[in-house]
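*Asks:*
So, in structure tokens, the structure goes:
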């Protein structure tokens, strides 16, 4: 996965974070590298001034995300995690650059898919709520998704709550009150009401084609991208609403 975040301070510089794999089967290592681009160079065409420095090794493939440190701050948190641990690494990006990570231990250990000592798959997902107060973590096979609290002032991850098994894309409603998960293998779209205890999922619809990603949009809706030969989007029209009131157009 790739992630691009602006360097605070309006400098015209950007960090590009990228996961990459090296090593061979049985000794495979997924790592995060970062490059820095200065768009002020080459008459506005930009140029790379730092190229693929390693930030962290043995991470979760595709599992990185970013959120503002607070509503009135330019600083940004970039977060990822270590394979075969329950450790999160939150890097604060400021005008001075990438700061040393805040390391938190919370919830169950997430581990890639192995046969013996051979690592086959490390696809996992991390995603923040719009407020930056919640974090969802999921993986392709194995353990169920886990919902966490995130302190966007300190970078600490805490209060892990395991949800019902379901791997696939996830998004939070704009008002941070609902969590949506899609079952990659069956197409079911589930909603969790984060204002209720215990957390219980409700089926709000089913997608009929291969589903790949979901994303919040500026119009307040959540769009679901279909992969393969599909040429259309599904949409959750009113994601702040409870249950079927979210109005999923599959």
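Numbering (my numbering), first residue to last: 63 to 312.
Every residue, glycine too, gets a C-beta built ideally from N, C-alpha and C.
May I have the straight-line CA-CA distance separating residue 270 from residue 162, to the nearest angstrom?
*Replies:* 44 angstroms
*Asks:* What residue ranges within the stretch 137-169 form continuous beta strand (DSSP E) runs of no fewer than 3 residues, ordered along the chain?
*Replies:* 138-143 and 147-156
*Asks:* Where residue 72 and residue 138 are concerned, what is the direct C-alpha to C-alpha distance, given to the nearest angstrom?
*Replies:* 13 angstroms
*Asks:* Taking residue 173 as the reference, give the member of 232, 144, 227 and 226 with the closest Cα.
*Replies:* Nearest of 232, 144, 227 and 226 to residue 173, Cα basis: 144.
*Asks:* So residue 240 packs on residue 256, CB below 8 angstroms; how close in whole Å?
*Replies:* 7 angstroms
*Asks:* Give me the Cα-Cα distance between residue 151 and residue 127, rounded to the nearest whole angstrom.
*Replies:* Take the alpha-carbon of residue 151 and the one of residue 127: they are about 11 angstroms apart.
*Asks:* Where does residue 286 land, buried or exposed, given buried means 16+ other C-beta within 10 angstroms?
*Replies:* buried
*Asks:* Where DSSP assigns a beta bridge to residue 239, which residues make up the other side?
*Replies:* Beta-bridge pairing links residue 239 to no other residue.
*Asks:* Can you name, in chain order, every residue of its own chain whose Cβ lies under 8 angstroms from the Cβ of residue 69, other than the five neighbours on each side?
*Replies:* Short of 8 angstroms from the beta carbon of residue 69, and not among the five residues preceding or following it, lie these beta carbons of its own chain, in chain order: 75, 76, 77, 98, 155, 157 and 159.
*Asks:* In terms of alpha-carbon separation, which member of 104, 80, 105 and 103 lies closest to residue 93?
*Replies:* 80
*Asks:* Quick check: residue 211 and residue 220, are their CB atoms within less than 7 angstroms of each other?
*Replies:* yes
*Asks:* From the DSSP secondary-structure annotation, give me the bridge partner or partners of residue 68.
*Replies:* 76
*Asks:* Just list the residues that DSSP pairs residue 278 with in beta bridges.
*Replies:* 284
*Asks:* Taking C-alpha atoms, which residue in 249, 190, 214 and 293 lies nearest to residue 235?
*Replies:* 190
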